[in-house]
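Here is the structure we will look at, set down as structure tokens.
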Amino acid sequence: MAQGGETPAQFAEAYQRFREYPLTVLRTEVFGHAQKSLQTRLNQDGLFHPSHRALYVRDLQETATGFDQGRPLPDVDAMEALLDPEEKDPWWRFIFILSRSSRDPLGCTKDQLAMLLTYHQIMPSFLDLVFTFKARQRPLTCALFRHENYLDENAPSLSLPHLGRSGIQIQHAFNLLTVEPADSPDERNQWPLRHASLYHSLDLKTGRRVYILMKGNGKLAKRIKDATDRNRHLRPDTPRTPEQSFLASLQVHLLMLEWSVESWSEYIDSMEETLRANSVEARVAPVATVTSPISLAQSFHRVSEGGSLAREGEYAVDEGRDQLIDQLTELETRFSFNELQRLSLTGDEIDRSILALEQSRDVVSQLQEQYQTVVASHAFTTLLEGAKCNAEVAGFFRRVRSILHDMGVHRRRLQDLSRTVDNDKHMFESLSQHTSIQTSKAFQLVAQTSSNQMMEWTLKMHDIAIKTKQETLSMHVITIFTLIFLPGTFIATLFSSGVLRWDDDGTLGADWVVRGGGIRLFLSICLPLTAATLSIWGAMYAVARRWARRRGRDLGLPGYADERAVAVGLGAAVQAAGGPESPRQASGGSVNEKAGAGVAVVGV
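In terms of UniProt numbering, the sequence shown opens at residue 1 and continues consecutively.
Here you go:
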């Protein structure tokens, strides 16, 4: 740790090796090993943008009547031209280091920053705030406060008179987190979480002060510029006294503090409106009515009655089934997993906001304690006229307490929103489970009803099969007797037709004579008539077989839908409706699959 008694020559030597910052700080409370660790982190990639440059300096010289217009410093040469180690510091110096967004690296180079921090002998712990600016996917949720004051009688001295520095110094740095409206209405997140960092140094003896503001946009820089034109403590025509510099520094801090709290109320209102709409929808959803087992069973009962074997297994597509499926699909959509994910993401966002607000509130409290310590310090009571500052200091603390109170209110509102999200998630999960359980019960009931109905159909088919068997036996008897008597009948018919001629006395002593014309007439009529009969039968059989195949494909039956295929299909349907796997199938899968299965059973 460096001690007092450092000379301007040592400062000049340290400035020449500015690239070794923070080892170039001549007075600090940070231990040497911590300085080396900070130096290592400073040399890492990703802290500084490779091409974007947004470093601006706005000075008020001791004898000037107004601030300069502000100059951009694109490189180290421009920075070196500004920082003259042989010339006194300006009365006020505002340094703005911006980035493209709150999740991007700073718009300067490492050498520029090291030269700037070495020249102003800024405490090494300020780098903790610098490290918050880097490329990141998620917003920063860490707020810090760092300080090194040298206000006591025995404080280490670093007097550099040629620069206008007495070494009696207030020095602190902090960052605050808040939400800001999105820059474009097309952005997905209309309330991004953003942060800003401020470094402040004030020499209580000479009144010179330095500010370094780091932010992802120029909103705060513009507010400070506007305040230097309007605020009575920040205008350049104010007296050049340490008291006035101290009061002006309080105003700059109030700008930062009020920025950190101004958008929370609107953000919370927006979140409340969104959650209220979704919460009401979940609370008034007609889950009990739609998922009641009786209601579902009645709906499926209407569907079951719509189909019958008389219509040869056509699907029953009626209004009752469609209405039931629509209701179940609506519940699935309303209580889908996507909605649960949305609630979880909303809860995570609110928790991050609570964390950011609490950390910012802690930083504001630390800043309040810092100034309470400064006001009570030996240097303040000795070097400044308290009577000129008491009223403004009291007003500053009053406004800080008001800001802390507002932050407490916003934190409680966010906590209430967090509880609302937790309740909604619990209700959502309960409704989803209730819907699933009741729907499964209803489908089990429907499956049992279908199984009973299929059993009745099976018994009827059994009776029909018995009757058919009896009729088939009768037909077999008739067929056997027909086969026995058919040859004799044919021969008797042929002999009695006059085709054959016998003796007049009817004896068989003489040869019989065949009438060729008669036999030809008989064959010319009998054979075509037989062929026509067979052709008509074959055509009718082919048409019936083709129609049966087409109906079998429509019904999903294997092969063709003859009597055997219909029996096989009915047996499979009975097994699907009342088998051991039916409850599991009824309880699993989506609503549409279950409804489709139930309708298929009815249709068969």
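Glycine included, every Cβ here is placed at the ideal spot set by N, Cα and C.
For W537, the number of other beta carbons within 10 angstroms of its own is below 16, and it is reported as exposed. Between the stretch 131-147 and the stretch 40-57 there are three or more C-beta pairs closer than 8 Å, enough to call the two in contact.
With a threshold of 16 other beta carbon atoms within 10 Å, I478 falls short and is exposed. For Y15, the enclosing alpha helix (DSSP H) has its first and last residue at 8-16. Bridge pairing for I95: V57, I212 [DSSP]. Inclusion of L247 and Y371 in the CB contact set at 9 Å is not warranted, their separation being larger than that value.
Membership of T178 in the beta strand (DSSP E) is indicated by the continuous run 169-179. A buried status is given to L38, since no fewer than 16 other beta-carbon atoms sit within 10 Å of its beta-carbon. Counting only runs of at least 3 residues, the stretch 92-163 fully encloses the following beta strand (DSSP E) elements, listed from N- to C-terminal order: 92-98, 145-147. Under the three-pair Cβ rule at 8 Å, the stretch 170-178 counts as touching the stretch 357-374. If you draw a 10 Å sphere on the C-beta of Y150, you find 16 or more other C-beta atoms in it, and that means buried. With distances taken between CA atoms, L343 lies nearest to T420 out of L404, A394, T420. With contacts defined as CB atoms closer than 9 Å, V57 and I95 qualify as a contacting pair. For R103, the closest of L193, L127, Y21 by C-alpha to C-alpha distance is L193. The alpha carbon of L140 has as its nearest neighbour, out of Q112, L160, S197, the alpha carbon of S197.
Straight-line measurement puts the Cα of K425 at about 48 Å from the Cα of Q35. According to the DSSP assignment, R194 belongs to the beta strand (DSSP E) that extends over 193-203.
The alpha-carbon of D203 is positioned some 7 Å away from that of S166.
Contact check between the stretch 261-280 and the stretch 406-415: three or more CB pairs, one atom from each, fall below 8 Å, which counts as touching. Looking only at T65, Q69, L83, the smallest Cα-Cα distance to F18 is reached by L83. For H253, the enclosing alpha helix (DSSP H) begins and ends at 242-261. Under the DSSP definition of a beta bridge, P72 partners with Y56. Three or more beta-carbon pairs separated by less than 8 Å link the stretch 176-195 to the stretch 353-361, which places the two stretches in contact. Here the alpha carbon of R223 sits roughly 21 Å from the alpha carbon of E392. In this structure, Q190 sits away from S260, with a CB-CB distance that is not shorter than 9 Å. About 5 Å separates the Cβ atoms of H120 and V210, confirming a contact at the 8 Å cut-off. DSSP, reduced to helix, strand and coil, places F48 within a strand of the structure shown. One thing to note: R240 has its Cβ within 9 Å of the Cβ of E62. Taking 9 Å as the cut-off, the beta carbon of D75 is found no closer than this to the beta carbon of F67. Taking C-alpha positions only, R413 is separated from I168 by approximately 43 Å. D416 is the residue among D416, S450, T472 whose C-alpha sits nearest the C-alpha of L275. Around the beta-carbon of W91, 16 or more other beta-carbon atoms lie within 10 Å, marking it buried.
R27 carries a coil assignment under DSSP once its states are collapsed to helix, strand and coil.
Counting other Cβ atoms within 10 Å of its Cβ, F481 stays below 16 and is therefore classed as exposed. Residue pairing by DSSP places R165 opposite L160 in a beta bridge.
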